[in-house]
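Residue numbering for the sequence shown is -18 to -1, 1 to 324, as defined by mature numbering (1 follows the signal peptide of the UniProt record, and there is no 0).
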Amino acid sequence: MFPLRIPLLAILVNVALCQYDYYDYQPASMLGPSGPNCNEECDCPVTFPSAMYCDSRKLKKVPFVPTGIKYLYLQNNQIEEIKAGVFDNVTDTLRWLILDRNQITNGKIEKGTIDKLTALEKLFFSYNNLTEPIIPPSKSLDELKMMYNQMSKFPSGLLNDKENLTSINVQHNLLTSDAIAGAFKGPKKLLSLDVSHNKLKKLPAGVPSSLEILYADFNDIDGIGAGYLNKLPTLQYLRVSNNKLVDSGLPAGVFNVTSLLELDLSFNKLQSIPEINEQLEQFYLQANEINKFDLSSFCKYVGPVNYSRLKHLRLDANNITHSSMPAESSNCLRQCSDIMFE
Ligand SMILES: *[C@@H]1O[C@H](CO)[C@@H](O)[C@H](O)[C@H]1NC(C)=O
Ligand SMILES: *[C@@H]1O[C@H](CO)[C@@H](O)[C@H](O)[C@H]1NC(C)=O
Ligand SMILES: *[C@@H]1O[C@H](CO)[C@@H](O)[C@H](O)[C@H]1NC(C)=O
Ligand SMILES: *[C@@H]1O[C@H](CO)[C@@H](O)[C@H](O)[C@H]1NC(C)=O
Ligand SMILES: *[C@@H]1O[C@H](CO)[C@@H](O)[C@H](O)[C@H]1NC(C)=O
Ligand SMILES: *[C@@H]1O[C@H](CO)[C@@H](O)[C@H](O)[C@H]1NC(C)=O
């Protein structure tokens, strides 16, 4: 039944992954009459006059942004270009720029636009036609989203002065490992990096040691360098599902670090269970080629304070059943309430 089961799982996992694409900013919900200083093509609620809502109205270009606007919503239009001067009255006050779901290409972003924004905190530029990132000079940038573009490079150094940047999401682009070498080194407070659905052959090199979340699902990664995780002492969530991981690409103990709480290695080509640390709580290994249950992957020694903190373990869609588990497993895996074999 395995060949039937794998596509079904793939669908379920895809459905779960899609939920990451929802927007966590508030679109125009309580539009009242427009405030005094608003572009006539947009709405600026009197109760929230620093926000200008220009979303979902078939705009072809970014309208002029009047003095006083800090939050600018331009998602869901047909914008192809950004003309010089449109931000001239807000260069040092605009904080949020939301440009999702337009058709902007790099060549049509004129000089004297985003390159003049010195106070920007959030730049959302997903579902556009960017082939490389557009980064404002603002040192206050804290969140950058450029998902679903056609970016094939992310030059190193672009983010060097972004001391407050905590979250970068560039999933669904065309980035290769060479094209992102050193790209994410700069931001010293980066917590979350999502490079899923790209063309990476290895996990991104030189990422800040502050990272807590690293998602690299759906790439071409076949191995992880020895010591990679030792350079990330606060990493808690690592996802490398739907890649090409094989046993020989995982050096002994590569995942044996105390910070990890969740490790997703599902949909790869592993034949054995990699060694993990006692502190890991969630371990996803479904849809690999695992054919033996080696208890020493979880515990090298079992005692009153020495046991695995694992709560959930998925081993379904592998070549293994419940009977592959040795009897003494329950002592090592004493907190594991949920082990899935099928
Ligand atoms: C833009 O700024 C100039 C100079 O301060 C001002 O005269 C003009 O009224 C502003 N325009 C808008 C639409 O805010
Ligand atoms: C943007 O990309 C979409 C999808 O690839 C394409 O249909 C559209 O023509 C592109 N638009 C521009 C302005 O390049
Ligand atoms: C970074 O964030 C801190 C805390 O919110 C703030 O005090 C500081 O001014 C920010 N730095 C920049 C360059 O915006
Ligand atoms: C993980 O590393 C620790 C110390 O570095 C070691 O004691 C332990 O046996 C290792 N665990 C596994 C499962 O290899
Ligand atoms: C047992 O666990 C304790 C506390 O985590 C640790 O210090 C010790 O090295 C472990 N013993 C063995 C033999 O792994
Ligand atoms: C699956 O496991 C069985 C019994 O352990 C073994 O005989 C068989 O060769 C394995 N199949 C694959 C594809 O690894």
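All residues carry an ideal CB built from backbone N, CA and C; glycine is no exception.
Which class does residue i belong to by DSSP, given the choice of helix, strand or coil?
{"i": "I96", "result": "helix"}
{"i": "A161", "result": "helix"}
{"i": "D74", "result": "coil"}
{"i": "D25", "result": "strand"}
{"i": "D229", "result": "helix"}
{"i": "K213", "result": "helix"}
{"i": "L112", "result": "coil"}
{"i": "K251", "result": "coil"}
{"i": "K184", "result": "coil"}
{"i": "A(-3)", "result": "Here the model assigns A(-3) a pLDDT of 39, short of 50, so the residue's position is not dependable, and the following value carries that caveat. Of the three classes helix, strand and coil, the one that applies to A(-3) here is helix, per DSSP."}
{"i": "S312", "result": "helix"}
{"i": "L123", "result": "coil"}
{"i": "P9", "result": "Only weak support exists for where P9 lies, its pLDDT of 48 falling under 50; the value from the coordinates is given anyway. DSSP places P9 in coil when its eight states are reduced to three."}
{"i": "L(-11)", "result": "The predicted model places L(-11) with a pLDDT of 38, which falls under 50 and marks its position as unreliable, so this point remains unresolved."}
{"i": "H304", "result": "helix"}
{"i": "S138", "result": "coil"}
{"i": "Y289", "result": "coil"}
{"i": "L156", "result": "coil"}
{"i": "D276", "result": "coil"}
Measuring alpha carbon to alpha carbon, tell me which residue in the options is nearest residue i.
{"i": "R77", "options": "E63, K93, T100, A66", "result": "T100"}
{"i": "I117", "options": "G94, H154, D202, L141", "result": "L141"}
{"i": "N58", "options": "F107, T75, C26", "result": "F107"}
{"i": "L297", "options": "P286, R316, E324", "result": "E324"}
{"i": "L147", "options": "H154, Q153, S120", "result": "S120"}
{"i": "L54", "options": "Q317, L227, I96, S174", "result": "I96"}
{"i": "K167", "options": "H154, K181, F136, C281", "result": "F136"}
{"i": "T240", "options": "P48, N259, G207", "result": "N259"}
{"i": "D160", "options": "L173, K183, L175", "result": "K183"}
{"i": "M133", "options": "I321, N151, L123", "result": "N151"}
{"i": "G50", "options": "N110, V28, Q253", "result": "V28"}
{"i": "L243", "options": "L196, L175, A33, C314", "result": "L196"}
{"i": "M129", "options": "K98, H179, K93", "result": "H179"}
{"i": "P190", "options": "P215, S290, T158", "result": "P215"}
{"i": "L172", "options": "V47, D143, D229", "result": "D143"}
{"i": "A66", "options": "I91, V72, A269", "result": "I91"}
{"i": "K43", "options": "A299, Q317, L56, L185", "result": "L56"}
{"i": "T73", "options": "D82, I64, K98", "result": "K98"}
{"i": "S174", "options": "H304, H154, A198, L157", "result": "A198"}
{"i": "K213", "options": "I162, E194, F200", "result": "E194"}
{"i": "Q153", "options": "V177, D320, G164, E145", "result": "V177"}
{"i": "residue 349", "options": "M322, Q317, Q264, L157", "result": "Residue coverage of the chain in this structure runs from -18 to 324, which leaves residue 349 outside it and unanswerable."}
Per DSSP, residue i forms a beta bridge with which residues?
{"i": "S174", "result": "S149, I195"}
{"i": "Q264", "result": "E244, H294"}
{"i": "I80", "result": "Y55, F106"}
{"i": "M322", "result": "R296"}
{"i": "I91", "result": "I64"}
{"i": "R221", "result": "Y197, D246"}
{"i": "K43", "result": "E63"}
{"i": "M34", "result": "L54"}
So residue i and residue j are supposed to be a Cβ contact under 8 Å. How far apart are they, rounded?
{"i": "K170", "j": "S192", "result": "6 Å"}
{"i": "N225", "j": "I203", "result": "4 Å"}
{"i": "P45", "j": "N21", "result": "5 Å"}
{"i": "F280", "j": "L267", "result": "That pair is no contact at about 12 Å."}
{"i": "N250", "j": "L227", "result": "4 Å"}
{"i": "N61", "j": "N84", "result": "Inspection of the sequence shows that residue 61 is occupied by Ile rather than by Asn. Sure, about 4 Å apart at Cβ, within 8 Å."}
{"i": "I80", "j": "L112", "result": "I80 to L112, Cβ: 15 Å. No contact."}
{"i": "L126", "j": "E103", "result": "Between E103 and L126 the Cβ distance is about 10 Å, and since that is not below 8 Å, they are no contact."}
{"i": "G205", "j": "G231", "result": "2 Å"}
{"i": "L247", "j": "V284", "result": "Going by Cβ atoms, the distance from L247 to V284 rounds to 24 Å, so no, they are not a contact pair."}
{"i": "C314", "j": "L262", "result": "Contact flag wrong, Cβ pair sits at about 13 Å."}
{"i": "N300", "j": "E257", "result": "Not really, about 17 Å apart at Cβ, beyond 8 Å."}
{"i": "S290", "j": "K274", "result": "In fact, because the Cβ distance is near 17 Å, the residues do not count as touching under 8 Å."}
Shorter than 7 Å, the distance from the beta carbon of residue i to the closest heavy atom of ligand 7, or not?
{"i": "E92", "result": "As far as ligands go, the structure on display features ligand 1, ligand 2, ligand 3, ligand 4, ligand 5 and ligand 6 and does not contain ligand 7."}
Quiz item: Which residues are close to ligand 4, meaning CB closer than 5 Å to any heavy atom, in chain order?
Solution: The filter returns N238, E257, K282, in chain order.
Exercise. May I have all residues whose beta carbon comes closer than 5 Å to any heavy atom of ligand 1, sorted in chain order?
Key: With 5 Å as the limit, the residues whose C-beta approaches any heavy atom of ligand 1 more closely are P48, T49, N71, in sequence along the chain.
Quiz item: Around ligand 3, what residues have a beta-carbon under 5 Å from a heavy atom of it, in chain order?
Solution: The set, ordered by position in the chain, is K121, S122, N146.
Self-check item: Residues proximal to ligand 2 by C-beta, any heavy atom closer than 6 Å
Solution: Selection output, chain order preserved: E62, Q85, T87, N111.
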